[in-house]
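Note sheet for the following structure.
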Amino acid sequence: MLPNNHKISVAIVDDHPIVIQGFKSLLESSPLFEISGCFTTGGECINFLHQQKVDIVLLDITLPDGNGVHFCATINEHFPGTIVVALSNLNERSIISQMFRNGARAYLLKNISAKELLDALNTVWEGNTAMSLEVKEIMQQPDLNTLQAVPELTKREKQILQLLAEGKRSAAIAEALFISPLTVKTHRATLLHKFQVNNIVTLINRAKETGLI
Amino acid sequence: MMPESLLTLGLQDALKDLCSSVMSPQLRLVYNAYNIDPALPLSTQTMVYRMVQEIITNAVKHANATTIMLQCSQEEGSFFITVEDNGKGFDTSNHRSEGMGLKNIRNRVDYFHGNLHIESSPEGTIINIELHVAQQS
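Keeping their order, the protein sequence lines are chains A and B. Note that my numbering gives residue 168 to position 168 of the first sequence, counting from 1, and the numbers run on in steps of one. Note that my numbering gives residue 1018 to position 18 of the second sequence, counting from 1, and the numbers run on in steps of one.
The following block contains the structure:
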């Protein structure tokens, strides 16, 4: 629980003054929060944090002097005691995960209700992470490309992987599969790419770990 | 009709859009593209796009595939297309029964002095295409 007379200090960063005004009056209506500062650029907010400690920063992503994703990383690095809550209308999965990777503790879309916002701020203040409903839905959707733990291989790639594991050289593989050595070279490059490794030994180890060979 | 994404974003993204557009709860598509040169002539990109479109259409309409894997990659002047599906396959020994679609693909492969290799069984079809896309200077 909070100490009796300590309010949670909040800074708001958004490029639209009218949006700031909205969040400000909402938070001021709650006895738990006090507004330390409102900024229309990320730079101003960072400068302010150097002078005064703030508990929570409500951070927009589209800002005139840069990207909230980077400001989030900066705040997280220099002011570890400050909690970043991303508040944006960007609903791309890649941006959301990047924000969390850069240390944000919550990601909220601007279509949330007042109650949802206050609940989320309480949640992060208690040390948990928060996502608004729509953000949760976005993050729960399967993503073909990022969620693949094991890369999907074509039949030809499986054959080549097997022959590589047997220690065969490209020329011998080309002969065995009736394809040109250049084609083998391309398949090798693709395999390295798919497993995100940079040499054949690591490739074969990784393939063994994942049970492909 | 030329797909807009091919003109504005290039082959790699246009193929991605193509895959997204045929994807459905009954049809899963895996698309991988590696090393595709964005500077390929538009005519070449269009030819590749049409071939892929034809192959995928065949897999969906005629083979009733539920999973299709499309992979395109490039190594200097060679362009590789692989399409694998789990559909019911077709008889590759009978060229007479081939439809216009496959004939068109053969023609385009010949145009690029490429190779077309088809392996088909009741468990599915694998099509490997290698094209020579080096620019004549």
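Glycine is no exception: its CB is placed at the ideal position from the N, C-alpha and C atoms. Treat the numbers as computed from the prediction; the structure is a model and nothing was measured.
Identify every residue that forms a DSSP beta bridge with residue i.
i, result
"N67(A)", "T62(A)"
"S214(A)", "For chain A, the structure presents residues 1 to 213; residue 214(A) sits outside this window and is missing."
"R1028(B)", "T1067(B)"
"G1124(B)", "S1121(B)"
"A1134(B)", "DSSP lists no partner for A1134(B)."
"E1075(B)", "S1078(B)"
"F56(A)", "Per the sequence shown, residue 56(A) should be read as Ile rather than Phe. Note: I56(A) sits in a beta bridge opposite V10(A) and I83(A)."
"I1129(B)", "I1081(B) and L1116(B)"
"A130(A)", "A106(A)"
With a threshold of 16 other CB atoms inside 10 Å of the CB of residue i, please say whether the residue is buried or exposed.
i, result
"V150(A)", "exposed"
"I18(A)", "exposed"
"L210(A)", "Looking at the sequence itself, residue 210(A) is Thr, so the reference to Leu does not match. It is exposed - the Cβ of T210(A) has fewer than 16 other Cβ atoms within 10 Å."
"L1040(B)", "buried"
"G1111(B)", "The displayed chain sequence assigns Tyr, not Gly, to residue 1111(B). Exposed: under 16 other Cβ atoms inside 10 Å."
"A1014(B)", "buried"
"M131(A)", "buried"
"N198(A)", "exposed"
"E157(A)", "buried"
"D65(A)", "exposed"
"E1004(B)", "exposed"
"F178(A)", "exposed"
"S88(A)", "buried"
"Q21(A)", "exposed"
"N1058(B)", "buried"
"M99(A)", "buried"
"T202(A)", "exposed"
"D1017(B)", "exposed"
"D14(A)", "buried"
"A1134(B)", "exposed"
"M1047(B)", "buried"
"N128(A)", "exposed"
Which first and last residues belong to the alpha helix (DSSP H) in which residue i is found?
i, result
"F1079(B)", "No alpha helix (DSSP H) holds F1079(B); the beta strand (DSSP E) holding it covers S1078 to D1085."
"M139(A)", "L133 to Q140"
"D119(A)", "A114 to W125"
"Q98(A)", "R93 to R101"
At what residues does the beta strand (DSSP E) containing residue i begin and finish?
i, result
"N1104(B)", "Segment M1100 to Y1111 is the alpha helix (DSSP H) holding N1104(B); no beta strand (DSSP E) there."
"S1121(B)", "N1115 to S1121"
"S9(A)", "I8 to V13"
Quick check on residue i - is its C-beta less than 8 Å from some C-beta in chain D?
i, result
"I1129(B)", "Chain labels in this structure do not include chain D; the protein chains are A and B."
Where in the region 16-48 of chain A do unbroken runs of the beta strand (DSSP E), each at least 3 residues long, occur, reported from the N-terminal end onward?
DSSP assignment within the region 16-48 of chain A yields the following whole beta strand (DSSP E) runs of 3 residues or more, N-terminal first: 33-39.
Residue ranges of each alpha helix (DSSP H) within the region 148-203 of chain A, 4 or longer
The region 148-203 of chain A contains these whole alpha helix (DSSP H) runs: 155-165, 170-177 and 181-195.
Residues within the region 182-210 of chain A neighbouring chain B, beta-carbon criterion of under 9 Å:
Of all residues in the region 182-210 of chain A, L182, T183, K185, T186, H187, A189, T190, H193 and K194 have a Cβ within less than 9 Å of some Cβ in chain B.
Which full runs of the beta strand (DSSP E) of 3+ residues lie inside the region 1006-1053 of chain B, going along the chain?
List check, beta strand (DSSP E) in window: 1028-1034.
What are the residues in the region 1024-1038 of chain B lying within 9 Å of chain A by C-beta distance?
Within the region 1024-1038 of chain B, the residues whose Cβ lies closer than 9 Å to any Cβ of chain A are, in chain order, R1028, L1029, V1030, Y1031, N1032, Y1034 and N1035.
Going along the region 1044-1068 of chain B in order, which residues come within less than 7 Å of chain A, judged by CB to CB distance?
Closer than 7 Å at the C-beta level to chain A, one finds no residue of the region 1044-1068 of chain B.
Interfacial residues, the region 152-180 of chain A to chain B, with Cβ spacing under 7 Å:
From the region 152-180 of chain A, only E152, T154, K155 and R156 have a Cβ closer than 7 Å to chain B.
Residues of the region 1077-1093 of chain B whose Cβ lies closer than 8 Å to any Cβ of chain A, in chain order:
Within the region 1077-1093 of chain B, S1078, F1080, T1082 and E1084 place their CB atoms closer than 8 Å to a CB of chain A, listed in sequence order.
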